[in-house]
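With the numbering used here applied, the sequence shown closes on residue 252, and no number is skipped along the way.
Working notes, structure below.
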Amino acid sequence: MDIESGTANQIEIIYEDEFLVAINKEAGLLVHRSWLDKGETRFALQLTRDAVGCHVFPVHRLDKPTSGVLLFAKSSAVARSLTEAFTEHKVTKQYLAVVRGFMPEQGTVDYELSFKPDAIADKFANLDKPAQEAVTHWRRLAQVELPFAVSKKHDTSRYSLMRLTPETGRKHQLRRHMRHLFHHIVGDTSHGDGRHNRFFRSQYGCTRMLLHAQSLALSHPVTGEPLLLKAELDEQWMNILKEFSWVESAEV
Numbered sequence: 001m002d003i004e005s006g007t008a009n010q011i012e013i014i015y016e017d018e019f020l021v022a023i024n025k026e027a028g029l030l031v032h033r034s035w036l037d038k039g040e041t042r043f044a045l046q047l048t049r050d051a052v053g054c055h056v057f058p059v060h061r062l063d064k065p066t067s068g069v070l071l072f073a074k075s076s077a078v079a080r081s082l083t084e085a086f087t088e089h090k091v092t093k094q095y096l097a098v099v100r101g102f103m104p105e106q107g108t109v110d111y112e113l114s115f116k117p118d119a120i121a122d123k124f125a126n127l128d129k130p131a132q133e134a135v136t137h138w139r140r141l142a143q144v145e146l147p148f149a150v151s152k153k154h155d156t157s158r159y160s161l162m163r164l165t166p167e168t169g170r171k172h173q174l175r176r177h178m179r180h181l182f183h184h185i186v187g188d189t190s191h192g193d194g195r196h197n198r199f200f201r202s203q204y205g206c207t208r209m210l211l212h213a214q215s216l217a218l219s220h221p222v223t224g225e226p227l228l229l230k231a232e233l234d235e236q237w238m239n240i241l242k243e244f245s246w247v248e249s250a251e252v
C-alpha cells in the first residue's frame, strides 16, 4: 500500500485512505484537550478532523513535546481494531532520541512505571493501579563527544543518538526509562537534565525535546496489507543531526 503525503490546515498528512489517516505531529501540539494545558487552542485531533473532513478517533498517544507519526481511525470499529493491535503488541513503534552520555550499543530496560492519569483521557480510570509493566529496547546509532563542560565534573560532554523501540505503551515511558538509566533525553523539561537542556538551547538554538516517533509498522486493520508510516524530522532536529554528522545514522 503506497504512502501518500501532503499538508492541510497546518497538519502534515503522511497517509490517508478511507479507513485511516496518519499525521506527522509537530512538537508542542497536544493530541486532544487537556486540563493541564487550558490555554492551548490547537489540537491534533481537531486539526486532523478539519483537514480530512470527517470525525477521527485516536488509537494511541504522543506526548505534547514529542513529534512524529500519529495515527487516527475514521470509524469506531476500525479504532477498536487498531487499539487491540497496539494492546497486543502487533504494532512496531520506532523513536529517534538524543540522550546525554554514551549508552551501550544495544539493550533492554524492563522497569515498571507507576500509572500517571491524563485529566481527560483517563477521567474514569482507577487511580490506585499498581505499577505497570514497561519494556523498552534500544540501539545506539551514533555518539559524539563535545569540548564543552556542561557538567562541572567533566571537561567534555557526551551524547548518543538512539533508536528506541517501546514494547509497551506507558505514559512518558521512553522519557522515564531514559531517566531511570541516567541517560536523560535532551530537551525533556519534566524528566530530563536542565543543564544539558540549557546547553542545547544556547549552543544550538534547540528549544524542543529531541524525541521523535519516526516510524510505525502494522498490518492494515481492514485489508491486512503491511503498512509502514514514516515521519520526517523538523528543522531543529535536522540542525542537530547535521552539526554532529548524524544524518545518515538517523535514517530508518
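Where a beta carbon is used, it is the ideal one built from N, C-alpha and C, also for glycine.
Given the structure is predicted, the values throughout are model-derived calculations rather than measurements.
Own chain residues within Cβ distance below 6 Å of residue i, not counting five before or after
i      : result
Ile-3  : For Ile-3, the pLDDT reaches just 41, beneath the cut-off of 50, and the residue's location in the model is therefore unreliable, although a value from the coordinates is still provided. Excluding positions up to five away in sequence, the list reads Tyr-15.
His-60 : Phe-86
As assigned by DSSP and simplified to three states, the class of residue i
i       : result
Tyr-15  : strand
Asp-63  : coil
Gly-53  : coil
Trp-237 : helix
Leu-30  : strand
Leu-210 : coil
Gln-10  : coil
Phe-200 : helix
Phe-115 : coil
Thr-83  : helix
Val-186 : coil
Glu-243 : helix
Identity of the residue in the options nearest residue i by Cα
i       : options                           : result
Phe-227 : Leu-216, Asp-234, Arg-201         : Here residue 227 is Leu; the residue named in the question, Phe, does not match the sequence. Here the closest residue by C-alpha is Leu-216.
Val-150 : His-196, Phe-86, Leu-96           : His-196
His-220 : Pro-104, Leu-210, Glu-84          : Glu-84
Leu-141 : Ser-157, Ile-11, Phe-102, Glu-12  : Phe-102
Thr-165 : Ala-51, Arg-42, Lys-93            : Lys-93
Leu-218 : Val-91, Thr-136, Leu-45, Pro-58   : Val-91
Trp-237 : Thr-136, Leu-229, Gly-68, Val-109 : Gly-68
Phe-43  : Ala-250, Gly-28, Arg-158, Leu-241 : Gly-28
Tyr-95  : His-212, Arg-158, Tyr-111, Ala-51 : His-212
Glu-105 : Arg-208, Gln-143, Asp-234         : Gln-143
Arg-198 : His-89, Gln-10, Arg-100, Glu-26   : Arg-100
Residues sharing a beta bridge with residue i, DSSP
i       : result
Tyr-159 : Arg-100, Val-144
Gly-194 : DSSP, once it has assigned bridges, lists no residue as partnering Gly-194.
Ala-217 : Thr-92, Leu-228
Leu-181 : The partner list for Leu-181 (beta bridge, DSSP) is empty, contrary to what the question assumes.
Leu-164 : Tyr-95, Trp-138
Thr-108 : His-137
Lys-25  : Gly-68
Gln-46  : DSSP, once it has assigned bridges, lists no residue as partnering Gln-46.
Gln-132 : Leu-113
Ala-73  : Leu-20, Phe-57
Neighbourhood of residue i by C-beta distance below 7 Å, restricted to the same chain and skipping five residues each side
i       : result
Leu-113 : Ala-131, Gln-132, Ala-134, Arg-170, Gln-173, Arg-176
Gly-253 : The chain is shown from 1 up to 252; residue 253 falls before or after that span and cannot be answered.
His-191 : His-172, Arg-175, Arg-176, Arg-179, His-184
Glu-232 : Asn-24
Glu-12  : Ile-23, Asn-24
Asp-17  : none
Lys-123 : With a pLDDT of 48 at Lys-123, under the threshold of 50, the predicted position of this residue should be treated as unreliable, though the coordinate-derived value follows. So the list is empty, once near-sequence residues are dropped.
Pairwise C-alpha distance: residue j and residue i
i       : j       : result
Arg-80  : His-154 : 51 Å
Glu-145 : Ser-245 : 12 Å
Phe-200 : Asp-188 : 11 Å
Phe-19  : Gly-205 : 39 Å
Val-186 : Ile-23  : 24 Å
Phe-148 : Phe-72  : 43 Å
Ser-259 : Leu-210 : In this structure the chain extends from 1 to 252, so residue 259 is not present and cannot be described.
Leu-241 : Leu-82  : 33 Å
Met-162 : Leu-181 : 13 Å
Glu-235 : His-32  : 24 Å
Ala-77  : Tyr-159 : 43 Å
Leu-70  : Ser-157 : 33 Å
Val-21  : Leu-62  : 15 Å
Thr-48  : Thr-66  : 17 Å
Ile-52  : Thr-168 : According to the sequence as given, residue 52 is Val; it is not Ile. Distance between the alpha carbons of Val-52 and Thr-168: 30 Å.
Lys-74  : Leu-229 : 17 Å
Asp-193 : Glu-88  : 33 Å
Glu-243 : Glu-251 : 16 Å
Val-98  : Gln-214 : 13 Å
Cβ shell of residue i (< 8 Å), same chain only, five flanking positions each side left out
i       : result
Thr-207 : Gly-187, Arg-201, Gln-236
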